[in-house]
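Q:
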Amino acid sequence: MVPFFAYVTVFLLIPALVVVIGAFVSGGRPTLGNIRALGQPAVTSALWHSVVLSAVTAVVGAVLGAVLAYAVSTASPRGVLKRFLTSLCGVLAQFGGVTLAFAFLATFGATGFLTRALATVGVQSGGGLWLYEWDKGLMLVYLYFQVPLMLIVFLPAVEGLRPQWREATETLGGSTALYWRRVGGPILLPSFIGALLLLFTNAFSAYATAAALVSQGSPLLPLQIGGTFTSEVILGRENVGKAMALAMVVVVALVMTAYAVLDRRASRWLVR
Amino acid sequence: MTTAPTTYAPTTSGGQRGVAVELTGLRRSYGPVRALDDLTLRLAPGELVALLGPSGCGKTTALRCLAGLEDPDGGRIEVDGKDLTRVPTNRRDLGMVFQAYSLFPHMTARQNVEFGLQLRRQPGERRRARAAAMLDLVGLSSQADRFAHQLSGGQQQRVALARALAIEPQVLLLDEPLSALDAKVRVQLRDEIRRIQLEVGTTTLFVTHDQEEALAVADRVGVMRSGRLEQIAAPQELYSRPVNDFVADFVGVTNRLPGHAHGHAAAVMDADVPLLSGSATSGAVTVLVRPEHLAVRPDAAGGAEVLSVSFLGAHARVVAQVTGGPKVFVQVPSRAVADFSPGQRVTVTPVGEPALAVAREEA
Ligand SMILES: Nc1ncnc2c1ncn2[C@@H]1O[C@H](COP(=O)(O)OP(=O)(O)O)[C@@H](O)[C@H]1O
Ligand SMILES: [Mg+2]
């Protein structure tokens with residue numbers, strides 16, 4: 026237990042304290058100014074963009090990932106295909122974003138090879154500008170780590186469905202559709218919503234992918250926070266950054282609390 | 116080797132609603148494995164038949180074919196005179212109890228029991244009354260609002276039974292419903308399953324690998340091996356008149372004693388044992404003798420030595436090593452325990468109850 030607490034202290038408690046205290050301090054004095062600064066249009070719109078981006082990619086990622094998880098669960102349990110897919114998804118869920126951002130830039134970017142190839146034959150593709158916009162290219166790229174993450178998180182739940190439940194439904198007179206509507210679906214629902222919330226926080230706090238792809242302005246909250254630490258223009262802004270980080274922590278904490286509640290219910294139903 | 120069901124016992128169950136079930140020539144292979152190899156089995160209306168056999172002999176496959184959860188490669192399935200071979204499970208009107216964990220985890224016990232009735236569009240009032248009656252039947256009225264994870268394994272199986280019976284199925288199927296429970300609950304619940312089955316009179320197929328369980332609950336027991344039925348008979352007959360050594364070995368404890376057959380008897384340990392029909396009638400044989408069909412007495416010049424004596428409650432068991440022969444199990448009255456001790460010389464003799472003899476390969 027000691028290593029665990031040491032780890033939590035160094036990597037979670039201390040940073041959290043730095044953020045919380047910093048959010049209420051300016052120039053060595055307590056203040057609410059940092060919090061008030063959250064009301065600035067640049068910050069509120071970044072927060073809004075972050076929420077929309079996270080929500081959309083979480084919902085789309087969850088649906089696609091759930092379908093994929095079901096497909097994988099029907100493959101033979103120790104088959105090569107399944108192990109390959111789950112390992113691949115493990116990697117993609119962690120690194121998919123940046124790798125893919127690079128791949129996209131190298132292909133569709135202003136100097137990407139496809140853009141240039143098209144240009145040589147006289148087609149102006151517009152330099153793939155859509156790619157750099159948070160609600161187009163970024164959403165697409167985010168999905169490349171959201172879908173694999175969903176697969177990893179949701180697969181155990183799908184595999185926790187016992188064949189007896191389906192067979193009991195059938196012997197009691199139910200069809201396959203009825204099974205999904207009355208038994209399989211409701212049993213998976215808490216896990217599904219829980220995974221969706223996890224995907225939301227995953228996108229909400231993602232930084233690297235956005236930083237790699239977005240060069241104009243800071244349309245998302247993590248980029249805004251990053252900006253306050255790197256910007257040389259406004260000194261003393263880093264505590265506003267901490268206030269923004271605090272806002273993020275609050276959002277993530279709320280979502281993760283809901284996740285924990287759902288996960289407890291799901292684990293009672295599915296794990297035995 | 117295989118014997119067709121010769122006796123066809125009229126049901127002792129007295130149920131009115133029971134229907135006949137007939138499996139004819141069922142075959143099912145998984146790749147090279149023949150899970151069912153021409154299985155024929157009839158259940159009389161209201162009868163409880165136990166399918167007994169070692170793991171992997173095809174019991175579950177047989178039951179799942181009857182349930183429609185598995186498609187036989189060949190053969191026929193009839194229930195109440197109707198051919199169900201190609202009818203999907205959800206239109207077969209069956210109740211099924213699985214080995215474990217089959218309750219819907221997101222529903223209470225009551226909701227589980229009501230589920231099948233809902234699917235049959237029974238009005239709420241009747242449905243609730245029926246569910247309450249079924250939970251009462253299995254003795255779980257007070258646990259109706261609990262979820263599966265709040266019930267013990269035995270209670271879960273009771274709810275599963277109530278759920279299966281609530282829809283008044285034509286046939287009740289149980290696949291090792293007790294094997295995940297501990298010994299005491301197992302015995303208790305098995306007696307209860309039998310009581311309830313007699314009460315509702317539903318024709319029932321009960322799959323188990325536990326011979327004691329099969330003998331205790333069934334009207335008739337079918338012993339399976341490698342996808343075939345070796346013998347089907349009332350428990351008592353199965354025990355006293357096994358058709359071959361596989362059945363004799365599998366049902367109850369059996370001593371394998373060397374002997375010599377001459378006609379309808381065999382010389383075994385200086386005594387003559389009458390032979391059951393189907394026995395080998397000449398030459399060197401192995402005679403299968405039950406522990407209670409052997410007698411043992413202290414004898415300083417005896418041909419056997421006591422290895423151990425165990426007290427088993429109602430009776431006791433003496434294990435003795437026959438000099439130059441097999442180890443034998445002998446059942447004795449429990450008050451006789453004091454007469455024997457390890458190392459003692461004894462004489463063991465068959466008491467002359469009919470036994471089965473099989474040809475012995477000379478070593
Ligand atoms: N789905 C399956 N795939 C492959 N083999 C199977 C399958 N189901 C059963 N078997 C095989 O069929 C044989 C009979 O199985 P089963 O009916 O489950 O036996 P039992 O219930 O008597 O233990 C076994 O050898 C088993 O390995
Ligand atoms: Mg089985």
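Quick note, the sequences are listed as chains A and B, same order.
So for the first sequence, our numbering puts the first residue at 26; every next one is plus one.
So for the second sequence, our numbering puts the first residue at 116; every next one is plus one.
Even for Gly, the Cβ is constructed at its ideal location relative to N, Cα and C.
Because the structure is a prediction, the values reported are computed rather than measured.
Let's test the definition: count the other Cβ atoms within 10 Å of the Cβ of E314/B and tell me whether it reaches 16, buried, or not, exposed.
A: Position 199 of the second sequence, counted from the start, is the residue given in the question as residue 314/B. Classification of E314/B: exposed, given that the 10 Å Cβ count is below 16.
Q: If the cut-off is 8 Å on Cβ atoms, which residues from the stretch 226 to 255 of chain B count as contacting chain A, listed in chain order?
A: Listed by position, the residues of the stretch 226 to 255 of chain B near chain A (Cβ gap below 8 Å) are F230, G231, L234, R235.
Q: Could you work out which residues of chain A lie near N205/B, taking near to mean beta carbons separated by less than 7 Å?
A: Indexing the second sequence from 1 puts residue 205/B at position 90. Result: E195, G198, G199, S200.
Q: Could you check whether the Cβ of Y354/B sits closer than 7 Å to any Cβ belonging to chain A?
A: Within the second sequence, numbered from 1, the residue matching residue 354/B stands at position 239. With 7 Å as the cut-off, Y354/B does not count as an interface residue toward chain A.
Q: Comparing C-alpha positions only, which one of A298/B, V336/B, L287/B, M339/B sits nearest to T319/B?
A: Sequence index remark: in the second sequence, residue 319/B carries index 204 (1-based). Checking every option, the nearest Cα to that of T319/B belongs to L287/B.
Q: Beta strand (DSSP E) containing S144/B: first to last residue?
A: Position 29 of the second sequence, counting from 1, holds the residue named residue 144/B. First-last of the beta strand (DSSP E) with S144/B: 136 to 145.
Q: Cβ closer than 9 Å: which chain B residues qualify as neighbours of V208/A?
A: In the first sequence, the residue the question calls residue 208/A occupies position 183. Near V208/A (Cβ distances below 9 Å), the residues of chain B are F219, H221, M222, F230.
Q: Ligand 2 heavy atoms versus the CB of T139/B: any closer than 6 Å?
A: To locate residue 139/B, count along the second sequence from 1; it is residue 24. Flag unset: Cβ of T139/B not near ligand 2.
Q: Going straight from the alpha carbon of L260/A to that of R61/A, what length do you get?
A: Taking the first residue of the first sequence as 1, we reach residue 260/A at position 235. Taking the first residue of the first sequence as 1, we reach residue 61/A at position 36. For L260/A, the predicted structure reports a pLDDT of 49, less than 50, and the residue's modelled location is therefore unreliable. The matter cannot be settled from this model.
Q: Count the other C-beta atoms from every protein chain shown that fall within 10 angstroms of the C-beta of W73/A, then say buried if there are 16 or more, exposed otherwise.
A: Position 48 of the first sequence, counted from the start, is the residue given in the question as residue 73/A. So W73/A counts as exposed.
Q: Taking the straight line between their C-alpha atoms, what separation do you get for V479/B and L178/B?
A: Not covered by the structure: residue 479/B. The range shown for chain B is 116 to 478.
Q: Confirm the yes/no value for this check: CB of T323/B, any heavy atom of ligand 1, distance under 6 Å.
A: One-based indexing of the second sequence puts residue 323/B at position 208. T323/B Cβ: outside cutoff for every heavy atom of ligand 1.
Q: Is the separation between the beta-carbon of N370/B and that of V443/B shorter than 7 Å?
A: Taking the second sequence and counting its residues from 1, the one referred to as residue 370/B is at position 255. Taking the second sequence and counting its residues from 1, the one referred to as residue 443/B is at position 328. Against a cut-off of 7 Å, the Cβ pair of V443/B and N370/B comes out as a contact.
Q: Cβ of R340/B within 7 Å of Cβ of F361/B?
A: For this step, residue 340/B is matched to residue 225 along the second sequence. For this step, residue 361/B is matched to residue 246 along the second sequence. Yes, they are a contact pair.
Q: Just how far apart, CA to CA, sit G268/B and Y232/A?
A: For the purposes of this step, residue 268/B is identified with residue 153 of the second sequence, where counting begins at 1. For the purposes of this step, residue 232/A is identified with residue 207 of the first sequence, where counting begins at 1. Rounded to the nearest angstrom, the two C-alpha atoms are 49 Å apart.
Q: Taking the beta carbon of F219/B as the centre, do at least 16 other beta carbons fall within 10 Å, making it buried, or is it exposed?
A: As a first step, residue 219/B is located in the second sequence; it is residue number 104 there, counting from the start. Buried, because 16 or more other Cβ atoms sit within 10 Å of the Cβ of F219/B.
Q: Considering L287/A, what are the terminal residues of the alpha helix (DSSP H) in which it resides?
A: Residue numbering aside, residue 287/A sits at position 262 when the first sequence is read from its first letter. Segment 263 to 295, the alpha helix (DSSP H) holding L287/A.
Q: Could you check if Y204/A is buried or exposed, using at least 16 other CB atoms within 10 Å of its CB as the buried criterion?
A: The residue labelled residue 204/A in the question sits at position 179 within the first sequence. The residue in question, Y204/A, is buried, as its Cβ has 16 or more Cβ neighbours within 10 Å.
Q: Given a threshold of 16 other Cβ atoms within 10 Å of its Cβ, counted over all protein chains shown, does Q26/A qualify as buried or as exposed?
A: Here the question's residue 26/A lines up with position 1 in the first sequence. Reading the sequence as shown, one finds Met at residue 26/A and not Gln. Classification for M26/A: exposed.
Q: Among the residues of its own chain, which have a CB less than 6 Å from the CB of L110/A, if the five just before and after it don't count?
A: Position 85 of the first sequence, counting from 1, holds the residue named residue 110/A. Within the same chain, L110/A has close Cβ partners V97.
Q: Could you name the residues of chain B that R141/A contacts, counting a contact when the two beta carbons are closer than 9 Å?
A: Within the first sequence, residue 141/A is the residue found at index 116, counting from 1. None at all; the shortest Cβ gap to chain B is about 56 Å.
Q: So which residues on chain D does E184/A lean against when the C-beta distance must stay under 8 Å?
A: Absence of chain D from the displayed structure is noted, the protein chains being A and B.
Q: Is DSSP giving R405/B helix, strand or coil here?
A: Start at 1 with the first residue of the second sequence, and residue 405/B comes out as number 290. R405/B: coil per DSSP, three-state reduction.
Q: Going along the chain, which residues of its own chain have a beta-carbon closer than 8 Å to the beta-carbon of T194/A, five neighbours each way excluded?
A: Along the first sequence, one-based indexing puts residue 194/A at 169. Around T194/A: L203, Y204, R207, V208.
Q: Would F213/B count as contacting chain A if we go by Cβ distances under 7 Å?
A: Here residue 213/B is taken as the residue at index 98 of the second sequence, counted from 1. Interface residue, yes.
Q: For a minimum of 4 consecutive residues, which ranges assigned as the alpha helix (DSSP H) are wholly contained in the stretch 81 to 142 of chain A?
A: Runs found: 105 to 133.
Q: Would you check whether ligand 2 has a heavy atom nearer than 6 Å to the C-beta of K174/B?
A: For the purposes of this step, residue 174/B is taken as the residue at position 59 of the second sequence. For ligand 2, at least one heavy atom lies less than 6 Å from the Cβ of K174/B.
Q: In the DSSP assignment, the alpha helix (DSSP H) including I212/A goes from what residue to what residue?
A: Counting from one through the first sequence, the residue named residue 212/A turns up at place 187. From DSSP, the alpha helix (DSSP H) with I212/A extends over 210 to 229.
Q: Give, in chain order, every residue of the stretch 169 to 184 of chain B whose Cβ lies closer than 7 Å to some Cβ of chain A.
A: For the stretch 169 to 184 of chain B, which is checked against every Cβ of chain A, the residues closer than 7 Å are A182, L184.
Q: According to DSSP, is N370/B helix, strand or coil?
A: Residue numbering aside, residue 370/B sits at position 255 when the second sequence is read from its first letter. Residue state, collapsed to three classes: strand.
Q: Using only the alpha-carbon positions, how far apart do Q303/B and L166/B sit?
A: Here residue 303/B corresponds to residue number 188 of the second sequence, with the count starting at 1. Here residue 166/B corresponds to residue number 51 of the second sequence, with the count starting at 1. Distance between the alpha carbons of Q303/B and L166/B: 20 Å.
Q: Counting along the chain, where does the beta strand (DSSP E) carrying V194/B start and finish?
A: Against the second sequence, residue 194/B aligns to sequence position 79. Unbroken beta strand (DSSP E) run through V194/B: 189 to 194.
Q: With distances taken between CB atoms, is the gap from R343/B to D152/B smaller than 7 Å?
A: By 1-based counting over the second sequence, the position of residue 343/B is 228. By 1-based counting over the second sequence, the position of residue 152/B is 37. Yes. Within cutoff.
Q: Report buried or exposed for A453/B, applying the criterion of at least 16 other Cβ atoms within 10 angstroms of its Cβ.
A: Start at 1 with the first residue of the second sequence, and residue 453/B comes out as number 338. Classification for A453/B: exposed.
Q: Using beta-carbon positions only, say whether A277/B and L250/B come within less than 7 Å of one another.
A: Position 162 of the second sequence, counted from the first residue, corresponds to residue 277/B. Position 135 of the second sequence, counted from the first residue, corresponds to residue 250/B. Closer than 7 Å, so yes.
Q: Kindly indicate which three-state DSSP category T253/A falls into: helix, strand or coil?
A: For the purposes of this step, residue 253/A is taken as residue 228 along the first sequence, with counting starting at 1. Correct three-state label for T253/A: helix.
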